[in-house]
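As structure tokens, the structure follows; a few thoughts come after it.
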Amino acid sequence: MTRIPGSIDDVQAMLGDQGYVCDRALGTVVFLSLTLGRPLFLEGEAGVGKTEIAKALAAMLGRRLIRLQCYEGLDAASAVYEWNFAEQMIAIRTAEAMGFEGAGADRDALKDELFTEQYLIERPLLQAMRPQPGGAPVLLIDELDRTDEPFEAFLLEALSDFQVTIPELGTIRAPEPPIVIVTSNRTREVHDALKRRCLYHWVDYPGFDREIEILHARAPEAAEALSREVVAFVQRLRTEDLFKKPGVAETIDWAKCLLALDVVSLSPEVISDTLGAILKYQDDIQKLQGSEAKRILDEARAGLERA
Ligand SMILES: Nc1ncnc2c1ncn2[C@@H]1O[C@H](COP(=O)(O)OP(=O)(O)OP(=O)(O)O)[C@@H](O)[C@H]1O
Ligand SMILES: [Mg+2]
Numbered sequence: 095m096t097r098i099p100g101s102i103d104d105v106q107a108m109l110g111d112q113g114y115v116c117d118r119a120l121g122t123v124v125f126l127s128l129t130l131g132r133p134l135f136l137e138g139e140a141g142v143g144k145t146e147i148a149k150a151l152a153a154m155l156g157r158r159l160i161r162l163q164c165y166e167g168l169d170a171a172s173a174v175y176e177w178n179f180a181e182q183m184i185a186i187r188t189a190e191a192m193g194f195e196g197a198g199a200d201r202d203a204l205k206d207e208l209f210t211e212q213y214l215i216e217r218p219l220l221q222a223m224r225p226q227p228g229g230a231p232v233l234l235i236d237e238l239d240r241t242d243e244p245f246e247a248f249l250l251e252a253l254s255d256f257q258v259t260i261p262e263l264g265t266i267r268a269p270e271p272p273i274v275i276v277t278s279n280r281t282r283e284v285h286d287a288l289k290r291r292c293l294y295h296w297v298d299y300p301g302f303d304r305e306i307e308i309l310h311a312r313a314p315e316a317a318e319a320l321s322r323e324v325v326a327f328v329q330r331l332r333t334e335d336l337f338k339k340p341g342v343a344e345t346i347d348w349a350k351c352l353l354a355l356d357v358v359s360l361s362p363e364v365i366s367d368t369l370g371a372i373l374k375y376q377d378d379i380q381k382l383q384g385s386e387a388k389r390i391l392d393e394a395r396a397g398l399e400r401a
């Protein structure tokens, strides 16, 4: 079992070993969350590394990562457990074929057997409460803003006592609470009650130096000069009025596309040919046609020279 980090520096170094570039502020909340055993609530724009931190954390601690991907209409059955109706039906049919009477003691015995763990389908929240080799798992509750409020209320309860009651089986309690990371893209506000349970951190777009560092970690084959141009351009692009600004994921994708095309330096032509790697909305792409790409590139280069 890997050790729990003993300091903020430790958190940053250990995440760094996993290729995750973590600034001091994020390192601090991660350290506190691990030390105090409090869930961590991460909010931020798309593609800034919220989901990735849970993966990196699980890897650095040698823990299992259990992911609950949220979506509209997600309910407790899909999040906690379901009975395997198909298997139960087969068991009933088999019993019938073997001369099961359908009444009295036979019936009770069959009923007891049908509601045992053998017929239980464990969904992420229940899995996270089971003992795991290596210690309590990392439970990632991803994109919570996509669910509705009743589910949020349900989750609040689950997060407060880390136990699940299954009427037919009884209460299952986590021997050690999981390490919980909740993420949101803030398409709606998550309720205060849930936030209050958690430590909160806004994951912002990284600054120039940090984004270069991330690019080094994730696309090490990119030459320094190209990396600097790419990051300067994307950083400049984020200050434009766009429907959807490029995240770090897009910076990495773009650098990889440019490498695949053997590009050594940006030009307005290269940019317009590869814009689909960084902008995903036609309106945004349209805005960068013509002289706009050149203007932004010139400004990005001027910024690089000043630095
Ligand atoms: N600080 C970082 N260090 C290393 N890689 C990073 C960092 N931030 C982002 N990345 C890279 O960006 C990619 C996208 O990050 P991630 O999927 O975690 O974004 P997200 O914030 O969860 O976005 P979304 O809201 O769209 O789900 C990751 O696969 C990772 O390669
Ligand atoms: Mg994500």
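Numbered according to the numbering used here, the sequence shown spans residues 95 to 401.
All C-beta atoms, glycine included, are put in the ideal place defined by N, C-alpha and C.
Would you call the CB atoms of residue i and residue j closer than 9 angstroms?
i	j	result
L238	A173	no
C402	A371	Not covered by the structure: residue 402. The range shown for the chain is 95 to 401.
L331	Y375	no
E139	Y294	no
L159	P231	yes
L208	V258	no
Y418	A150	Residue 418 lies beyond the stretch modelled for the chain, which goes from 95 to 401, so this question has no answer here.
In three-state terms, what does DSSP make of residue i?
i	result
D242	coil
H285	coil
T265	strand
Q182	helix
V274	strand
L250	helix
F327	helix
I372	coil
Q380	helix
E216	strand
Q226	coil
Q221	helix
E207	helix
L120	helix
Q106	helix
R280	coil
E334	coil
Assign residue i to buried or exposed, taking buried as 16 or more other Cβ atoms, counted over all protein chains shown, within 10 Å of its Cβ.
i	result
W296	exposed
M108	buried
K205	exposed
L130	exposed
T277	buried
V358	exposed
R187	exposed
E323	buried
G121	buried
M183	exposed
G384	exposed
D378	buried
Could you give the distance in angstroms between the alpha-carbon of residue i and the alpha-carbon of residue j?
i	j	result
W348	A317	13 angstroms
G141	P340	8 angstroms
A222	K289	20 angstroms
V342	E211	43 angstroms
E334	R280	21 angstroms
G228	D111	19 angstroms
V105	L136	16 angstroms
I275	D202	42 angstroms
F245	L168	7 angstroms
R304	I260	47 angstroms
E490	I215	Since the displayed the chain opens at 95 and closes at 401, residue 490 lies outside it and no answer follows.
T241	D200	43 angstroms
I266	P272	14 angstroms
L364	V123	The residue asked about is misnamed: residue 364 is Val in this sequence, not Leu. Taking the straight line joining both Cα atoms gives about 40 angstroms.
Looking at chain B, is there any beta carbon in it that lies within less than 9 angstroms of the beta carbon of residue i?
i	result
V105	Among the chains of the structure shown, chain B does not appear; only one protein chain is present.
Legend entry - Residues with C-beta closer than 7 angstroms to any heavy atom of ligand 2, in chain order: K144, T145, D236, E237, T277
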